[in-house]
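Single-structure report; data block below.
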Amino acid sequence: MMVRRCAQAIRVAALGLTLMVAACAGTSSSPRSVPRPNPNVITREEIESLRGAGDAYDVVRMLRPQWLRLRGTGSFRAEPPLWVYVDGLRAGTVSALREVPVALVMRMEFVDGVSATQRWGLDHGNGAIVILTRRTP
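Following the working numbering, the numbering of the sequence shown begins with 1008 at its first residue and continues without gaps.
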């Protein structure tokens, strides 16, 4: 009698465990997962999904605000600026983002301080924001 009750309890526990495992292994409600955006790139598709952005600064502030935080290693004199490049030309610091209308922006990329220093020189410790516009051939 005791053996039968133990066997029955084991079967019930096994069935419960099977149901819990099956419930946890459920399928996704969407046929494919949505890819996460690259944290160092803003695409035209992302820009078009925004409302209220008038210039490149607004785009960065709304989509990748971490780009605007200084993070490099400054010297005793001053913190290096975050440089902005538009179509391959240095446009200035963060304030230059205000000069680029959102309608012209095709792609934006954040280049970290190490990569920016290797590419453009020693005063790029905080990195750079590179903007590609519709004007680029």
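C-beta: ideal position from N, C-alpha, C; glycine also.
Rounded to a whole number of angstroms, what is the C-alpha to C-alpha distance between residue i and residue j?
i: V1109; j: Q1073; result: 19 Å
i: I1138; j: E1086; result: 23 Å
i: E1053; j: L1129; result: 32 Å
i: R1142; j: M1113; result: 9 Å
i: V1107; j: L1075; result: 16 Å
i: T1050; j: A1135; result: 17 Å
i: A1103; j: D1062; result: 10 Å
Enumerate in chain order the residues of its own chain whose CB-to-CB distance from residue i is below 6 Å, with the five nearest sequence positions on each side excluded.
i: G1059; result: none
i: D1119; result: G1134
Assuming residue i and residue j make a contact with CB atoms under 8 Å, what is their CB distance in whole Å?
i: N1133; j: L1089; result: 5 Å
i: D1094; j: T1140; result: 6 Å
Here's a check: name, in chain order, each residue in its chain whose Cβ is nearer than 8 Å to the Cβ of residue i, leaving out the five neighbours to either side.
i: R1097; result: W1090, V1091, W1127
i: T1100; result: P1088, L1089, W1090, V1091
Flag residue i as yes when its Cβ comes closer than 7 Å to any non-hydrogen atom of the ligand ADP, and as no otherwise.
i: W1127; result: Among the ligands in the structure shown, none appear at all, so the ligand ADP cannot be discussed.
Among the residues of its own chain, which have a CB less than 7 Å from the CB of residue i, if the five just before and after it don't count?
i: T1162; result: This structure leaves residue 1162 out entirely; the chain is present only between 1008 and 1144.
Sequence ranges, beta strand (DSSP E) only - wholly within the stretch 1090 to 1139, length at least 3: 1090 to 1093, 1096 to 1099, 1112 to 1118
What runs of the beta strand (DSSP E), each 3 residues or longer, lie entirely inside the stretch 1044 to 1087? 1048 to 1050
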